[in-house]
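The next block holds one structure in the form of structure tokens; read it before the comments.
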Amino acid sequence: MYEAVNELMEEGKEIYGMKISEITAKAGIGKGTAYEYFDTKEELLGKAVFYQLHQGLCHMTEKALKQGSFREQIFAILDDMEQNFPKRQVLIRYLCYYVLGSEAAKKCGGEKSGGFLREGRLKETADCLLGQARKEGLLQKEPDFLAIETLLTQFMGFCFYLGNRQAAEISMGQMKEFVYENIVKIFEGNAQA
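In terms of full-length UniProt numbering, the sequence shown has 169 at position 169, counting the first letter as 1, and numbering is strictly consecutive.
Written as structure tokens, this is what we have:
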């Protein structure tokens, strides 16, 4: 059913407008089967969002774990986003849906970043990124969930650039540098607050 939600997203359907009957038809199962596993449509959609975020972000951040410095880690993620942008567009929509905290996200069981970063590869990636930033003195007092929100919002800004780069007046290299510098400035600003 999670994959059916993803396929509907790929077809351009907005998640908060999906119906159980559309999801189950796409999945090739009966509508009643969905309710054997989920109490509500919102529960199904919320779990589908977190599943897709987990899957997509695991692939996107795999190379980052092998890098030495925080800068190299961030650039590895940005490089992957650039190289795989066409197939990552649905992931971007999930991120936007999640980070913006819309009413629809709340209805679908949305929670703070820590909710889908408590275990597995995503937790390992977040721990690696934040640990390296702390080791380099870039991140000090900021709670993990705020640091993660900073990363996600900056990555979303980079995605916006990727989708509109024909109209952009700065190069890809300049934009990656801009994203990295923003992350560092936000980390520093929060440390001073």
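All C-beta atoms in this analysis are idealised placements derived from N, C-alpha and C, irrespective of residue type, glycine included. From a predicted model like this one, the values you see are computed outputs, not experimental measurements.
Applying the criterion that 16 or more other CB atoms from any shown protein chain within 10 Å of the CB defines a buried residue, is residue i buried or exposed?
i           : result
residue 6   : buried
residue 183 : buried
residue 167 : exposed
residue 37  : exposed
residue 103 : Here the model assigns residue 103 a pLDDT of 43, short of 50, so the residue's position is not dependable, and the following value carries that caveat. Residue 103 comes out exposed.
residue 3   : exposed
residue 77  : buried
residue 15  : buried
residue 173 : exposed
residue 142 : buried
Going by C-alpha to C-alpha distance, which of the options sits closest to residue i?
i           : options          : result
residue 75  : 23, 38, 180, 154 : 180
residue 43  : 89, 70, 18, 64   : 18
residue 126 : 8, 57, 49, 161   : 57
residue 156 : 29, 51, 89       : 89
residue 148 : 124, 13, 39      : 124
residue 71  : 160, 189, 132    : 132
residue 185 : 13, 139, 67      : 139
residue 175 : 189, 79, 67      : 79
Find out if the Cβ-Cβ distance for the pair residue i, residue j is shorter than 8 Å.
i           : j           : result
residue 187 : residue 150 : yes
residue 177 : residue 69  : no
residue 158 : residue 60  : no
residue 47  : residue 20  : no
residue 8   : residue 26  : yes
Give me the Cα-Cα distance between residue i and residue j, rounded to the nearest whole angstrom.
i           : j           : result
residue 33  : residue 45  : 15 Å
residue 129 : residue 73  : 7 Å
residue 1   : residue 11  : 15 Å
residue 110 : residue 23  : Low confidence applies here, because residue 110 scores a pLDDT of 45, under 50, leaving its location unreliable; read the following figure in that light. Roughly 19 Å between the two C-alpha positions.
residue 85  : residue 65  : 20 Å
residue 50  : residue 63  : 21 Å
residue 170 : residue 28  : 46 Å
residue 39  : residue 53  : 22 Å
residue 55  : residue 163 : 22 Å
residue 145 : residue 35  : 32 Å
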